[in-house]
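**Q** Structure incoming, see below.
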Amino acid sequence: MRRRLHPFQSDPGAPYPEWLEVRRLGRIGYREGLELQRELHAEVLGARETATPRGFLLLLEHDPPVVTVSRRPGAAGNLIATEAAFAERGIQIEATDRGGDVTYHGPGQLVAYPIVDLNLVRIRIHGWIRLLEQVVIDALASFDCPADRDPGATGVWVGRSGDDADCSGGRKIAAVGVRVSRWITMHGLAVNVDPDLAHFDTIVPCGLVGRPVTSLAREVGRAPAGIPDMAQVTAAVGAGFARHLSNPGPFQERPSSGG
20 MRRRLHPFQS DPGAPYPEWL EVRRLGRIGY REGLELQREL HAEVLGARET ATPRGFLLLL
80 EHDPPVVTVS RRPGAAGNLI ATEAAFAERG IQIEATDRGG DVTYHGPGQL VAYPIVDLNL
140 VRIRIHGWIR LLEQVVIDAL ASFDCPADRD PGATGVWVGR SGDDADCSGG RKIAAVGVRV
200 SRWITMHGLA VNVDPDLAHF DTIVPCGLVG RPVTSLAREV GRAPAGIPDM AQVTAAVGAG
260 FARHLSNPGP FQERPSSGG
């Protein structure tokens, strides 16, 4: 198989797997991105049936801004702005087939959609979500922004052990929401690099009441190195996928030893 070259393959110790094609899409609409995911999901499924390893990683921003509402009962109740307020801000509302609740996507937020056959990496759904979170945690660490998981809520958080007055269990900096059909993934993660955080005021993000949202720009804005740009964060997230998809062992389920 001829090796593909990828724009973020800068770490010789962690190249992308040969079966993974990376597409940097810039800014695209939500519906366009969803249709592309569905097309690529079908392609990955077809590749499985011919025993040809295949997968994709889409890296993008959504524009125009959009609030996506899952099928979870009650999710629409977490839209707290009026229809007129959404229209005034130019925010679309779209139904989505991923897990989770309500979330926001827009310019200044990096979205990663890996379309991966979990059988290739021998990961189940819980491990896949942990892998996505780790990709973000590693990327943020490279910009001196410590982050971690919250045992009670999916996603990536900063300040969970801080003493900020508004830090009730930390500030959410990245959301994770997936769909897995026939063990092939869709959707993925969204990292707040420097979006308009006021747009999050139109919803209860992920249905978590009282949990503030933050961005990388807000967290490291006073650092001497300044605010990382979208290209830098995209490269860091891409490198994380390269590393963890090449070595998925830590996220694979271990058989029970009994006892």
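Residue numbers for the sequence shown follow this note's numbering, so the first one is 20 and each next one is one higher. Each residue gets a CB set at the ideal place from its N, CA and C atoms; glycine is no exception.
1) Once you ignore the five residues that flank residue 281 on each side, which residues in its own chain have a CB closer than 6 Å to its CB?
2) What is the DSSP secondary structure of residue 167, counted as helix, strand or coil?
3) In three-state DSSP terms, what is residue 125?
4) Look up residue 142 in the DSSP assignment and say whether it is helix, strand or coil.
5) Could you tell me which of 116, 232, 236 and 60 sits nearest to residue 213, measuring between CA atoms?
6) I'd like the span of the alpha helix (DSSP H) that includes residue 66, first residue to last.
7) Just to confirm my understanding: we take residue 143, look at its own chain, exclude 5 residues before and 5 after, and list those with CB closer than 6 Å. What are they?
8) Do three or more CB pairs link the segment 158–166 to the segment 107–114 at distances below 8 Å?
9) According to DSSP, simplified to helix, strand and coil, what is residue 20?
10) How should residue 152 be labelled, buried or exposed, when 16 other C-beta atoms within 10 angstroms of its C-beta is the threshold for buried?
11) Judging by CA-CA distance, which residue of 53, 44, 90 and 74 is the nearest neighbour of residue 261?
12) In the DSSP output, which residue or residues are listed as bridge partners for residue 258?
13) What would DSSP say about residue 251, mapped onto helix, strand or coil?
14) Where does residue 135 sit, in a helix, a strand or coil, going by DSSP?
15) Roughly how many angstroms lie between the CA atoms of residue 185 and residue 64, to the nearest whole one?
16) Would you call residue 233 buried or exposed, if buried means 16 or more other Cβ atoms sit within 10 Å of its Cβ?
**A** With the given structure in hand:
1) The first residue shown for the chain is 20 and the last is 278, placing residue 281 beyond what the model contains.
2) Taking the first residue of the sequence shown as position 1, residue 167 is located at position 148. Strand at residue 167.
3) Numbered from 1 along the sequence shown, position 106 holds the residue referred to as residue 125. Reduced to three states, the DSSP call for residue 125 is coil.
4) The residue labelled residue 142 in the question sits at position 123 within the sequence shown. If DSSP states are grouped into helix, strand and coil, residue 142 belongs with coil.
5) Translated into the one-based positions of the sequence shown, residue 213 becomes position 194. Here the closest residue by C-alpha is 236.
6) Looking up residue 66 in the sequence shown gives position 47. Per DSSP, residue 66 belongs to the alpha helix (DSSP H) from 49–68.
7) Mapped onto the sequence shown, residue 143 falls at position 124. Cβ within range, chain order: 272.
8) no
9) Working through the sequence shown from its first residue, we reach residue 20 at position 1. Residue placement at residue 20 cannot be trusted, given a pLDDT of 34 that sits under 50; what the coordinates show is reported in the next sentence. Of the three classes helix, strand and coil, the one that applies to residue 20 here is coil, per DSSP.
10) Against the sequence shown, residue 152 aligns to sequence position 133. So residue 152 counts as buried.
11) Taking the first residue of the sequence shown as position 1, residue 261 is located at position 242. It is 74.
12) Counting from one through the sequence shown, the residue named residue 258 turns up at place 239. Beta-bridge pairing links residue 258 to no other residue.
13) Locating residue 251 in the sequence shown gives position 232, counting from the first residue. In this structure, residue 251 counts as helix in the three-state DSSP scheme.
14) Within the sequence shown, residue 135 is the residue found at index 116, counting from 1. DSSP places residue 135 in coil when its eight states are reduced to three.
15) Position 166 of the sequence shown, counted from the start, is the residue given in the question as residue 185. Position 45 of the sequence shown, counted from the start, is the residue given in the question as residue 64. Its pLDDT being 40, under 50, residue 185 is placed unreliably by the model, and the measurement read from it follows with that caveat. Cα to Cα, residue 185 sits roughly 45 Å from residue 64.
16) The residue given as residue 233 occupies position 214 in the sequence shown. Buried, since its Cβ has 16 or more Cβ neighbours within 10 Å.
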